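Participant: Chains A and B are the protein sequences, given in the same order. Heads up: the first sequence begins at 1157 in our numbering, then just goes up one per residue. Heads up: the second sequence begins at 6 in our numbering, then just goes up one per residue. A virtual CB, placed ideally from N, CA and C, is assigned to each residue, including glycine. Quick caveat: nothing in here was measured; it's all calculated off a predicted structure.
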Amino acid sequence: MIRYVGRRVALALVVVAGVVILTFVIADVVPGDPAASWAGPHASAAQIARARQYLGLDQPLAVRIGEYFGGIVTGNWGISIHTHRPVLSDIATVAPATIELVIAALIIGVLVGIPLGLAAARWPGSLGDHAIRAGSVLGVSMPVFWLALILQLVFAQRLRLLPVAGQYDPNLVFSHPLVTRTQMPVLDSLISGNWAMLGSTLEHLILPALVVAAYPAGVIARMVRAQVLDTVGEAHVQMVRSLGFPERAVFGTFAMKLAWNPVATVLALVFAYSLVNTFLVESIFDWPGLGSYAAAAVSTLDTPAIVGVTLFVAIIYVACNLLVDLVQAALDPRIRLR
Amino acid sequence: MTALVKKSPLITAGGVIALLVVLVALAAPLLAPYPPDAIHPEMALQPPSLHHLFGTDQVGRDVFSRVIYGARVSPLVALLVLLFACAAGIPLGVLAGYFGGAGDEVIMRVTDIFLAFPSLLLALAFAAVLPPSLTSLTIAITITWWPWYARLVRGQAASVAGRPYVEACRALGIPSWRILLRHVLPNSVTPVIVQVSLDFGGVILTASALSFLGLGAQDPTPDWGLMVAEGENYFTTQWWLVTFPGLAILVTALAFTLLGDGLRDVLDPRRVVLR
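Structural data, given as structure tokens:
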């Protein structure tokens, strides 16, 4: 077991290193001079040269990559050209808001996807099954940025049921100031018992979370349907059925038990996928997270920030994959660890 | 045919819509009532009417005509991406799977790196550092897409390489290139066909998302993702600017995903793929 984990971690590290080198090399062939954009539009040649030296851009590429690797471990991920702050502390500030959004979306995805998948598997070929399958393909084929705009228009602008954008009502800041501990507004207001603020943060979370949830809900419903249909035919489930257990239990308890494993796998992968989807959604909802940060970095050609965000998501993705393998091994003893 | 329609109405619907999209792309000049880039400032931001079915945009271009011509932009990008990705991935996969050894190891570790994280993120990073254009967009997505096919074909080719009929060919002294071309390749590509049809919608979504972020098509190209981005500023009062191009993306991606799903059920019923 320990050897298995060690090998997986080693492979994951190689993968992350490959990602860093790749993004670095591409960032190096960028037309455009980061030192010039750091120094500003009216900088003199001497100021640009000083900026180049300060940013370490006068060094050869191999040296810079080497130094960057040293920096990853010690927490020095370079300095953002756009915000002029260390990239790692920028990411630490913006990532929690995104993680809160993605977790909310995954909760919605599970709560919607699993019952729908089970229902579709219970009555395969029925009208409901077709509708659920169509719905799940719809969720997977949805351009999220468009869904965000449409929901915003309908529920916020026209019906005025939900707030348009932001994380909470700015007027509440004076009467019920938010104590930030985790940078996740819902969690922060919850742990400080700030109920007025909690209501406002939840209200603001609904629309963006629904948009990000479209993909996970679709994928989970498909997965559960396919998996449960697969297991219902197996001997032990037939056995349960012939023993006279109600159909509800046959599907919900016995057939679903084997579906948990792939659902857990998909959840971890979808988590990382949804992190990237927030890149398209956050700026629409004015959500001050990783996505807004990445979008700003892209539009200002802020290469240290782009590399940093890529690295951050790659680490999360690789960690999720590793977690999946370990959880699978724990959930299903039939899987042999090699 | 009627049996198929009855058994899987979703697949049939997907196939019909996908075919329609292709036809619209081919016949765009015949179908569009106006040129897609004809500017009429005096007609700017008109709501949908009989003259302009989907209204007009901020410089008076006909949105309906632009949506029709849009069928030639991101679907074409998707076609090229999948073509290039197959052209790179299939040969590498077949060679790696058939010969094995150090080359196999290198190719598979490289694909590990690419598959280690979401293709949209990698495409975003590439597109962000390349000058924004449809060519850069196609390159960026292709770079992230070929490893999937290399992986898929490699597994298939490796299993075919061990089959008795391939052993027999080798024993008969048939040259390797001939075995690869005549026996290994044809028997390895079925899962790729399924995957390509499933991926078509995914590439359209990725391309539209990158164009929406300003990293792909540039004005005045009538790209659906770009049109959504351009309409965003006027959206609260002029809903048609964003609604129709986005609907075009959704319908096209949906149609090809349904079609791919159907093909998979027919050709390869046990695979579930997540991108």
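Would you list the one or two residues that DSSP bridges to Thr61(B)?
Facilitator: Asp67(B)
Participant: Where does Ile1235(A) sit, in a helix, a strand or coil, going by DSSP?
Facilitator: Note: Ile1235(A) maps to strand in three-state DSSP.
Participant: Taking 9 angstroms as the threshold (beta carbon to beta carbon), is Arg1220(A) in contact with chain B?
Facilitator: no
Participant: Taking His188(B) as part of the alpha helix (DSSP H), name the residues at either end of that continuous run.
Facilitator: First-last for His188(B): undefined, no H or E at that position.
Participant: On the three-pair Cβ rule with 8 angstroms, is the region 1375-1387 of chain A touching the region 1263-1281 of chain A?
Facilitator: Contact holds: three or more Cβ-Cβ distances are below 8 angstroms.
Participant: Our contact map puts Val208(B) next to Ile148(B) with C-beta atoms below 8 angstroms; I'd like the distance itself, whole angstroms only.
Facilitator: Their Cβ separation, rounded to whole angstroms, is 13 angstroms, which puts Val208(B) and Ile148(B) out of contact at 8 angstroms.
Participant: Please confirm if Ile1158(A) has its CB atom under 9 angstroms from at least one CB of chain B.
Facilitator: no
Participant: Using a Cβ-Cβ cutoff of less than 6 angstroms, which residues in the same chain neighbour Val115(B) once the five nearest sequence positions on both sides are dropped?
Facilitator: none
Participant: Are the region 1227-1240 of chain A and the region 1452-1471 of chain A in contact at 8 angstroms, needing three or more beta carbon pairs?
Facilitator: yes
Participant: For the candidate residues Met1298(A), Ala1201(A), Val1426(A), whose alpha-carbon lies nearest to that of Val256(B)?
Facilitator: The candidate whose alpha carbon is nearest that of Val256(B) is Met1298(A).
Participant: Could you give the DSSP three-state label for Pro1242(A): helix, strand or coil?
Facilitator: strand
Participant: Please identify, using Cβ separations under 7 angstroms, the residues of the region 1278-1300 of chain A that lie next to chain B, in order along the chain.
Facilitator: His1286, Arg1289, Ala1290, Val1293, Leu1294, Val1296, Ser1297, Met1298, Pro1299
Participant: How many Å lie between Ile22(B) and Ser70(B) at the Cα?
Facilitator: 19 angstroms
Participant: Between which two residues does the alpha helix (DSSP H) carrying Leu28(B) extend?
Facilitator: 14-31
Participant: According to the neighbour-count rule (16 or more other Cβ atoms, all chains shown, within 10 Å of its Cβ), is His1240(A) buried or exposed?
Facilitator: exposed
Participant: From this set, Val1463(A), Ala1415(A), Gln1308(A), which residue's C-alpha is nearest Val1243(A)'s C-alpha?
Facilitator: Val1463(A)
Participant: Run through chain B and tell me which residues come within less than 7 angstroms of Ile1270(A), C-beta to C-beta.
Facilitator: Those within 7 angstroms of Ile1270(A) in chain B number zero; the least Cβ separation is about 16 angstroms.
Participant: Taking 8 angstroms as the cut-off, does the region 161-173 of chain B touch the region 125-139 of chain B (at least 3 CB pairs, one atom from each stretch)?
Facilitator: no
Participant: I want to see whether chain A comes within less than 9 angstroms of Arg156(B), judged by CB atoms only; does it?
Facilitator: no
Participant: Taking just the CA atoms, how far does Ile1247(A) sit from Tyr1473(A)?
Facilitator: 16 angstroms
Participant: Exposed or buried, what is Phe1330(A) when buried is set at 16 or more other beta-carbons lying within 10 Å of its beta-carbon?
Facilitator: So Phe1330(A) counts as exposed.
Participant: Note down, one range per segment and in chain order, each alpha helix (DSSP H) of at least 4 residues found wholly within the region 1329-1384 of chain A.
Facilitator: 1341-1347
Participant: Looking only at its own chain, which residues have a Cβ that is under 7 angstroms from the Cβ of Phe1410(A), when we skip the five neighbours before and after it?
Facilitator: Val1393, Val1396
Participant: Under three-state DSSP, which class holds Val1181(A)?
Facilitator: helix
Participant: Taking 9 angstroms as the cut-off, decide whether the C-beta atoms of Tyr154(B) and Ala83(B) are in contact.
Facilitator: no
Participant: Quick one, which residues of the region 89-118 of chain B are near chain A if we go by CB-CB under 9 angstroms, in chain order?
Facilitator: Arg114, Val115, Asp117, Ile118
Participant: Quick one: does Ile22(B) have its CB under 9 angstroms from some CB of chain A?
Facilitator: Output row for Ile22(B): interface = no.
Participant: For Thr248(B), tell me which candidate among Pro46(B), Thr61(B), Ala43(B), Val29(B) has the shortest Cα-Cα distance.
Facilitator: Thr61(B)
Participant: Return no unless some Cβ of chain A is closer than 9 angstroms to the Cβ of Tyr39(B).
Facilitator: False, the Cβ-Cβ gap to chain A never drops below 9 angstroms.
Participant: Let me see if you follow: with CB-CB separation under 9 angstroms, is Ser1245(A) close to chain B or not?
Facilitator: no
Participant: Whose Cβ in chain A lies nearer than 7 angstroms to the Cβ of Ser213(B)?
Facilitator: Pro1299
Participant: Please go through the region 73-142 of chain B and give each complete alpha helix (DSSP H) segment of 4 or more residues, from N-terminal end onward.
Facilitator: 79-104, 106-120, 124-134
Participant: Does Trp244(B) get closer than 9 angstroms to chain A when you measure Cβ to Cβ?
Facilitator: yes
Participant: Could you tell me whether the Cβ of Pro14(B) comes closer than 9 angstroms to any Cβ of chain A?
Facilitator: yes
Participant: Along the region 248-266 of chain B, where does the CB come closer than 9 angstroms to a CB of chain A? Name the residues.
Facilitator: Thr248, Pro250, Gly251, Leu252, Ile254, Leu255, Val256, Thr257, Ala258, Leu259, Ala260, Phe261, Thr262, Leu263, Asp266
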